[in-house]
Amino acid sequence: MGMLIQLAIGVGLLLFAIVYHLAWKAKQRRRQPLPPDVAKWGVPVNDPDSAIGAGWFVEVDGRRVAVLSDVRCQIETPHWLSYVITPLTEDAQEKAQLLALEFWRSDKPKYRSRKFGVLSSGALVSGIPPCPETQRIIMRGPYIDLDPGPSLVERAVALFRRKHPRGSHD
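Okay, so the sequence shown: first residue is -12 according to my numbering, each after it adds one.
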């Protein structure tokens, strides 16, 4: 009797796996092909409340020279993001350097979050120069460090210590 139950469970699991696989394959066939711009530049990041979705100001010597916006997440490598570079400067030389890979890989550009107003702690620019047609650059980061304050556990411990200081025996 026990062997019959095991056989039934095994057959049931096998049938479940086959049905699941067939359903998954049918779903894959119904998928629409990616639009060419999404296939090349990635999926749009539509979260203006995040540091990434809100974009970045590019600063050189404390002056804003460009905005990085229209963020897209690379499909194959989700840690790499592409941004549209929008110049804020009228200087032709500064505009030209915004399309030069050497500029982006130097220490000149600093990235300020448009959402939080803080400078990033760094960014890694890909080895691909900005695209002249789309004005897009691919980078990892920029990263910012925000102090969220004490955690819930830290607050509870601080509250407990205030009510019961060491050395007091209530």
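We treat Cβ as the ideally placed atom computed from N, Cα and C, and that holds for glycine.
Please list the terminal residues of the continuous beta strand (DSSP E) segment that includes E46.
W43 to V47
What's the gap between the Cα of L133 and the Cα of K102?
12 Å
Can you tell which of D57, K97 and V112 has its C-alpha closest to the C-alpha of L106?
Answer by Cα proximity: K97.
What number of angstroms, rounded off, separates the C-alpha of P129 from the C-alpha of R149?
Rounded to whole angstroms, P129 to R149 spans 40 Å at the Cα level.
For the stretch 69 to 76 against the stretch 113 to 128, do three or more pairs of beta-carbon atoms, one drawn from each stretch, fall closer than 8 Å, so that the two count as touching?
In short, these stretches touch, since the Cβ pair count reaches three.
Taking all protein chains shown into account, do 16 or more other C-beta atoms lie within 10 angstroms of the C-beta of S138, making it buried, or fewer, making it exposed?
S138 is exposed by the Cβ-count criterion.
Nearest-angstrom Cβ-Cβ length linking M126 and L146, presumed shorter than 8 Å:
With 8 Å as the limit, M126 and L146 do not qualify as a contact, their Cβ atoms being about 43 Å apart.
Would V47 and K95 be called neighbours here (beta carbons separated by less than 7 Å)?
yes
For P117 versus L86, is the C-beta spacing smaller than 7 Å?
Taking the C-beta atoms as reference points, L86 is found nearer than 7 Å to P117.
Assuming contact is defined by CB atoms lying nearer than 7 Å, are I39 and V58 in contact in what I supplied?
yes
Just how far apart, CA to CA, sit G(-1) and I(-8)?
10 Å
How long is the line joining the alpha carbons of M(-12) and I(-4), rounded to whole angstroms?
Rounded to whole angstroms, M(-12) to I(-4) spans 13 Å at the Cα level.
With DSSP as the reference, please indicate the residues paired to T64 in a beta bridge.
DSSP, once it has assigned bridges, lists no residue as partnering T64.
Distance check for W91 and C60, CA to CA, integer angstroms please.
19 Å
Distance, Cα to Cα, V165 vs R51?
Because the chain spans -12 through 157 in this model, residue 165 falls outside it and cannot be assessed.
Backbone secondary structure at I(-4) - three-state DSSP:
Three-state DSSP puts I(-4) in a helix.
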